[in-house]
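Everything on this sheet refers to the single structure shown next.
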Amino acid sequence: MSEIKLKVSSSPHIRSKITSGNIMLMVTIALLPSAVFGVWNFGLSALIMLISTVAAAVLTEYIYEKLMHKKVTVGDFSAVVTGLLLGLNMPPSAPWWMGALGSVFGILIVKQLFGGLGQNFMNPALGARCFLLLSFTGPMTSFVYDGVTGPTPLAYVKEGAMDQINTLDMMIGTIPGTIGETSVIAIIIGAIFLILMGVIDLRIPGTYIVTFVIFVGIFGHVAHPEIGFFDPQYITAHLCGGGLMLGAWFMATDYVTSPITPRGQIVYGIILGVLTGLFRIFGGSAEGVSYAIIISNLLVPLIEKVTLPKPFGKGGEK
Amino acid sequence: MNSCFERLKNGLIDENPIFVLLLGMCPTLAVTTSAVNGVGMGLSTTAVLVMSNMLISMLRKIIPDSVRMPAFIVVVASFVTIVDFLMEGFTPALYDSLGLYIPLIVVNCIILGRAESYASKNPVLPSIFDGLGMGLGFTVALIAIGLVREIIGAGQAFGYQLLPLADEAAGKGGYVPVTIFILAPGAFLVLAVLAAIQNKVKINLEKKGKDASKIQSGCGGDCAACGGCASTSGNGKE
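One line per chain: the protein sequences are A and B, in this order. 195 is the number that my numbering gives to position 215 of the first sequence; each next residue is one higher, with no gaps. With the second sequence counted from 1, adding 254 to any position gets you my numbering.
Following this line, the structure appears as structure tokens:
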């Protein structure tokens, strides 16, 4: 990035009140409905998990920056967002120290070692989640709901067992899953708030979800011939089950790890949709959103390079 | 004899093939799932390295310059084949766990690198000690990486259960292994952290004026100059 020369022209300048702190605070507020619903849905263990991930994330950032004599950036809420997102991505039955360990990994390895906020090459919360998923596969994939360990709706969808699914429950969120992913309504409330505040736009989540619907509509039939092309119940189940909504609205739209060029954002959304569909329908496990997002994160520099807009007056026909 | 000792130290510390030269990454990342594997891989590579350095140094005036690479490969491959058969015969368990990586010693860039840059230009005795130093440096590094990965990833050291594991079924508390350290990403994490630590130690030594002239390797010296966040941040204050 260092070769880009930023030129400050002469006054007058417009001073924007928007800072990264403001934006991260708004993201935190937008995540609160999901967090509150998660705690109501799963009880005390969910609250303990959320507190431990957020506290560990903030503490790690503070201690690292103190030790390295860097400017302490705890006040900009980015560590809070990382911790909160990781907490919302944890199953409520996992022990609290697992979440804390994930936060330490996400902040220390994924974010700070690459240079702190704005320099991380993948979403810290998702990097941490995949770290935990690979390390503690058992506790990270067992979902206890109402005292019963059972498969998530997505696991039924994977097998094509559509009669096991209650779409209304998936909308409200009274299903097993991670703390923050179950309630589509709570996520949508947060997403609408972010869109109204101008923090995110529809480009990435929109193309992501549309591509995913098309992919699942076609290949769902290929994988399970008894389900027709674009079966509405099958598609709704895919949309509302698992982490797709949380991922599309809150994690794929992370400023640092998504393209800044408008065309690039569309390409990014399409890649996300195709990868998620591939992992969910043809992959080994029922869920694929986190891997799809971190793989797409790694492609972002290439996407930006390809979709760089031409400056006015350059190029064109001679 | 002095130069022989210097060669040993060079291979072990100053130009450690793993942590300083960053050579031979493929076996390093692949076989260090446990310390025992590290010992096996390291010692078999050392054996090949010493023998091939010796023979190439002996033949250095006979091998024509234009075909030296094929000639080196033939020499190295012969020794690897011998080691391969010896290990299959005498240490079958280790042979099974290292698997494909034994024949792959042929293309290990440490061996070809030492043949090209040292053994083909220097007399026999220093070349043998160069091979020994480099091989031992490789072994020490592999054991270090393997040990860290084994302890964090399985709670074991050299196969001995160091930390008692938790058993949820029996309601017994204990260490829950972080399995990712046994998997491929763990190799990268541990290698990077250990290389960073040794760079930090070296830079500190350099600052104190000890050893300053002896650090001349490609990476070890440059890291001080290029300065990741670790090295620059403390500069003004210490």
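All residues carry an ideal CB built from backbone N, CA and C; glycine is no exception. This structure is a prediction, so every number in the text was calculated from the model and none was measured.
Item	Value
How close, in whole Å, do the beta carbons of residue 65/A and residue 231/A come, if the pair is a contact with beta carbons under 8 Å?	6 Å
Less than 8 Å between the beta carbons of residue 46/A and residue 38/A, yes or no?	no
Below 8 Å between beta carbons: does that hold for residue 206/A and residue 257/A?	no
What are the residues that DSSP puts in a beta bridge with residue 228/A?	Residue 228/A is not bridged to any residue.
Decide yes or no for the touch test of the stretch 74 to 83 of chain A against the stretch 105 to 118 of chain A: beta carbon pairs closer than 8 Å, at least 3 of them.	yes
Under 8 Å by Cβ, that's how I've got residue 156/A and residue 136/A pegged, so tell me the actual separation to the nearest angstrom.	Actually they are not in contact, since the Cβ atoms of residue 156/A and residue 136/A sit about 11 Å apart, beyond 8 Å.
Given residue 359/B, which residues of its chain have a CB within under 6 Å of its CB, disregarding the five upstream and five downstream residues?	299, 302, 334
Please go through the same chain and pick out, in chain order, the residues whose beta-carbon is closer than 8 Å to the beta-carbon of residue 337/B, but skip the five residues on each side of it.	298, 301, 302, 356, 359
Chain B beta carbons: is any one of them nearer than 8 Å to that of residue 114/A?	yes
Name the residues in the stretch 109 to 134 of chain A whose C-beta lies less than 8 Å from a C-beta of chain B; which are they?	111, 114, 115, 116, 117
On the CB-based measure, 16 or more other CB atoms within 10 Å of its CB, does residue 286/A come out buried or exposed?	exposed
With 9 Å as the limit, tell me which residues of the stretch 281 to 307 of chain B have their beta carbon closer than that to any beta carbon of chain A; keep them in chain order.	none
Count the C-beta pairs between the stretch 201 to 220 of chain A and the stretch 265 to 280 of chain A that are closer than 8 Å, then say yes if the count reaches three, no if not.	no
So if DSSP puts residue 162/A in a beta bridge, which residue, or which two residues, is it bridged to?	The partner list for residue 162/A (beta bridge, DSSP) is empty, contrary to what the question assumes.
With a cut-off of 8 Å, does the C-beta of residue 393/B fall near any C-beta of chain A?	no
Taking Cβ positions, are residue 159/A and residue 30/A nearer each other than 8 Å?	yes
Using the Cα positions of residue 344/B and residue 351/B, report the straight-line distance between them to the nearest angstrom.	14 Å
So which of 268/A, 210/A, 246/A has the shortest CA-CA distance to residue 227/A?	268/A
Could you spell out the range, first to last residue, of the alpha helix (DSSP H) harbouring residue 453/B?	438 to 461
Could you give the distance in angstroms between the alpha-carbon of residue 266/A and the alpha-carbon of residue 194/A?	18 Å
Please confirm if residue 364/B has its CB atom under 8 Å from at least one CB of chain E.	Chain labels in this structure do not include chain E; the protein chains are A and B.
Please check if any C-beta of chain A sits within less than 8 Å of the C-beta of residue 329/B.	no
Is the beta carbon of residue 305/B closer than 8 Å to that of residue 378/B?	no
Short of 6 Å in beta carbon distance, which residues of its chain neighbour residue 107/A, apart from the five on each side in sequence? Order them along the chain.	86, 90
Entirely within the stretch 42 to 97 of chain A and at least 4 residues each: give me those alpha helix (DSSP H) ranges in chain order.	58 to 68, 76 to 85
Using 8 Å as the cut-off, can you tell me whether the stretch 389 to 399 of chain B makes contact with the stretch 264 to 273 of chain B, which would need three or more C-beta pairs spanning the two stretches below that distance?	yes
Is the stretch 164 to 183 of chain A in contact with the stretch 0 to 19 of chain A, if contact means three or more CB pairs nearer than 8 Å?	yes
Going along chain A, which residues have a C-beta under 7 Å from residue 434/B?	111, 114, 115
Residues of chain A with CB under 8 Å from residue 455/B, in chain order?	Going along chain A, no residue has its Cβ under 8 Å from residue 455/B, so there is no contact; the nearest lies around 17 Å.
For residue 348/B, collect the residues of the same chain with a Cβ closer than 8 Å to its Cβ; drop the 5 residues on either side in sequence, then sort them by chain order.	290, 291, 294, 341
On the CB-based measure, 16 or more other CB atoms within 10 Å of its CB, does residue 70/A come out buried or exposed?	buried
Is residue 448/B close to chain A? Criterion is C-beta to C-beta, closer than 8 Å.	no
Mapping DSSP to helix, strand and coil, what is residue 349/B?	helix
For residue 141/A, which three-state DSSP category applies?	coil
Just list the alpha helix (DSSP H) runs in the stretch 152 to 196 of chain A, keeping only unbroken ones of 4 residues or longer that don't cross its boundaries, in chain order.	164 to 176
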